[in-house]
Structure formats: structure tokens, C-alpha cells
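Encoded as C-alpha cells, the structure appears first; notes follow it.
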Amino acid sequence: MDFRPLIEQKRRRFEELEELVGSSSLFENPKRAREIMREHSNVKRVLESWDILEKKQRELEENRLLAAGDDSELAELAAAEIPTLQVEIENRSKEVQVALLPPEPHEDRDAIVEIRGGTGGSEAALFAADLYRMYSRYAESHGFKLEELESSSSELGGLKEVIFKVSGEHVFRTLRYESGVHRVQRVPVTEAKGEFILRRQPWRCCR
1 MDFRPLIEQK RRRFEELEEL VGSSSLFENP KRAREIMREH SNVKRVLESW DILEKKQREL
61 EENRLLAAGD DSELAELAAA EIPTLQVEIE NRSKEVQVAL LPPEPHEDRD AIVEIRGGTG
121 GSEAALFAAD LYRMYSRYAE SHGFKLEELE SSSSELGGLK EVIFKVSGEH VFRTLRYESG
181 VHRVQRVPVT EAKGEFILRR QPWRCCR
């Protein structure tokens with residue numbers, strides 16, 4: 001997908017927001033000021049991610065050229081960096097894509113995530129524990145707060161089930177598509193499944 005038209009729209013909007021943020025009358029309406037400051041921060045984050053993505057894409061192209069060059073030592077070094085750059089580009093592309101999605105009314109709520117070991121006994125429970133650790137590291141790397149609400153352990157350090165809350169800015173927007181079934185084959189060869197369901201965080205607000 002070509003993100004450039006959407007990015008150009010974001011750049012134009014960012015210029016407008018820069019003027020609004022610099023206006024002396026901004027805080028005459030505190031509510032409006034908060035909305036503008038928040039949008040300014042979000043758009044800035046998108047543009048920064050895009051700039052990094054473009055930089056990594058340029059680095060990948062340069063490395064491919066070097067890898068095909070006559071200098072064997074330099075070619076070897078460049079080729080070794082290509083897989084890492086490809087992973088970084090893929091991850092950054094997904095990040096930009098999520099950031100460009102239209103806003104949803106629920107996107108600023110927290111998320112409740114459930115991971116359940118499927119059929120497979122101990123192996124399924126071990127894989128469920130692996131998934132939980134993966135989401136824990138993911139939450140930490142994105143500055144989210146993870147709170148374990150309920151869990152049921154199994155033998156060998158696995159998890160039959162774990163329910164946890166993830167809170168932070170744009171949590172539901174980031175995790176809203178994290179739903180489905182994982183299937184894995186481990187050593188020793190045992191089929192296992194870990195299921196996880198994402199639910200909106202129930203909330204109530206009172207004046």
C-alpha cells in the first residue's frame with residue numbers, strides 16, 4: 001500500500017496544527033486546546049515513524065547495491081544487515097499503517113486480553129505462556145502498562161489461561177485486531193494451540 005498521499009495530508013495538517021499550537025489564543029478554550037495538543041502529538045508521531053521508515057528503506061537499497069558490488073568484504077557485511085533491515089521495515093510499515101487508520105470511538109480505552117491454551121496439554125500451556133511473555137514485552141516496548149487480572153498455571157511453568165489488562169495511549173487502537181488462534185509445532189513434536197481473544201475494556205464515566 002502506498003502511504004504517501006495520506007502522509008502528505010498529515011504533513012499539511014501538521015503545519016496547520018503548528019500554527020494553532022503557537023497561537024496566543026490557544027488556551028482561551030481549554031477543552032479545544034487539549035484536543036489540538038493531542039492531535040499535534042499524534043500527527044507528529046506518525047510523521048516521525050514515516051521518516052524512520054523511509055530512512056530504513058534507503059538503507060536497505062544501499063545495502064543491496066553494496067551486496068552486489070565487487071568488494072567482497074563490504075558485500076558480505078552489507079548482505080548480513082539486509083534481513084534485519086527487512087524486519088525493521090516490515091514492523092515500521094505496520095506501525096504507520098495502524099497510525100493512519102481512521103479514529104474509532106473506542107480507541108482510547110484500555111484492552112482486556114485473554115490467552116487460553118487449547119488442545120495439546122502441557123505443550124499448549126507452555127505456548128500460551130510464551131504468548132503472554134510476548135505481549136508483556138510488546139506492552140513494555142510501547143510504553144503500555146500491563147496488569148495481570150487472572151491466571152491459571154499448569155505444570156512445567158505453562159499457563160492454562162491468563163487474563164490481563166493493557167492500558168496506555170491508543171491501546172485499543174493498537175491491539176484491536178489481535179484476535180484469533182495460534183497453532184504451533186514444538187520439539188518434541190506435539191501439536192498445540194493457544195487462543196486469545198481481545199475485548200473492549202468495560203468502562204463507566206460519571207460527571
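Just so we're aligned: 80 in my numbering is position 80 of the sequence shown, and the numbers increase by one with no gaps anywhere.
For every residue, glycine included, the Cβ atom is placed at its ideal position computed from N, Cα and C.
Span separating the alpha-carbon of residue i from that of residue j
i    : j    : result
S152 : Q97  : 35 Å
R92  : E178 : 17 Å
Y132 : R109 : 20 Å
E90  : E114 : 26 Å
R176 : S72  : 46 Å
E212 : S24  : Outside the shown range of the chain, which is 1 to 207, sits residue 212, and nothing can be said about it.
S122 : E150 : 19 Å
E62  : F144 : 35 Å
N29  : S136 : 39 Å
S41  : A80  : 36 Å
P102 : K55  : 25 Å
K31  : R64  : 50 Å
E16  : R38  : 14 Å
Distance between beta carbons of residue j and residue i, contact taken as under 8 Å
i    : j    : result
E213 : F164 : The chain is shown only over 1 to 207; residue 213 falls outside these bounds and no answer can be derived.
L156 : A128 : Incorrect: roughly 12 Å between the Cβ atoms, too far for contact.
I36  : L60  : Not really, about 36 Å apart at Cβ, beyond 8 Å.
Same chain, Cβ closer than 7 Å to residue i, five either side skipped, listed in chain order
i    : result
E76  : none
K10  : V43, V46 and L47
G69  : A75
I52  : R92
R13  : V43
L6   : L100
L66  : L74, A75 and A78
A125 : G117, S154, G158, L159 and K160
Q57  : I89
Contacting residues, own chain, Cβ-Cβ under 6 Å from residue i (five flanking each side not counted)
i    : result
A139 : L146 and V166
L20  : I36
M134 : none
Opposing strand residues paired with residue i [DSSP bridges]
i    : result
K145 : S167
L159 : S153
Chain B contact for residue i (CB, 9 Å cutoff)
i    : result
L159 : Checking the listed chains, one finds no chain B in this structure; it contains a single protein chain.
Chain-order list of residues whose beta-carbon lies under 8 Å from that of residue i (same chain, five-residue window excluded)
i    : result
F27  : A33
Q86  : L60
L49  : At residue 49 the sequence reads Ser, which differs from the Leu that was named. Result list for S49: R92, E95, V96 and A99, in chain order.
H142 : G168 and T174
Any non-hydrogen atom of the ligand MN within 8 Å of residue i CB
i   : result
A80 : The ligand content of the structure shown is nil, which means the ligand MN is not present either.
My parser needs the beta strand (DSSP E) runs of 3 or more residues fully inside the stretch 56-139; what are they?
111-117
Output the residue ranges of the alpha helix (DSSP H) runs that lie fully inside the stretch 4-39 and measure 4 residues or longer, sorted by chain position.
4-21
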